[in-house]
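Enquirer: Numbering (this note's numbering), first residue to last: 36 to 90.
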Amino acid sequence: EWSEPDVELWWLRLDRWRVVYLIDEADQWVSILAVCKRPPYDYGDLTDLLAKVMG
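Written out as structure tokens, the structure is:
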């Protein structure tokens, strides 16, 4: 499972769309990971997905 103390994983709802993103307050950056039309995405596995993406 992915764990980074200074980085927060968030998602935002915009009508039927979801934006999945990271925020790092210390280094002052935002990274967009995905923009998905909802449904069918299940957010229960976001940390596992992030671990695969970040290596």
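Even glycine gets a Cβ: it sits at the ideal position worked out from N, Cα and C.
Which residues in the same chain have their Cβ closer than 8 Å to the Cβ of Arg48, if we skip the five residues on either side of it in sequence?
Expert: Once the five neighbours on either side are set aside, the close Cβ partners of Arg48 are Arg73.
Enquirer: Assuming Trp45 contacts Ile58 under a Cβ cut-off of 8 Å, what Cβ separation, rounded to an integer in Å, is found between them?
Expert: Contact flag correct, Cβ pair sits at about 6 Å.
Enquirer: Excluding the 5 residues preceding and the 5 following Val88 in the sequence, name in chain order all residues of the same chain whose CB lies nearer than 8 Å to its CB.
Expert: If we look at Val88 and ignore the five residues flanking it on each side, its Cβ neighbours are Leu68.
Enquirer: Nearest-angstrom Cα distance between Gly79 and Glu60?
Expert: Taking the straight line from one Cα to the other gives about 24 Å.
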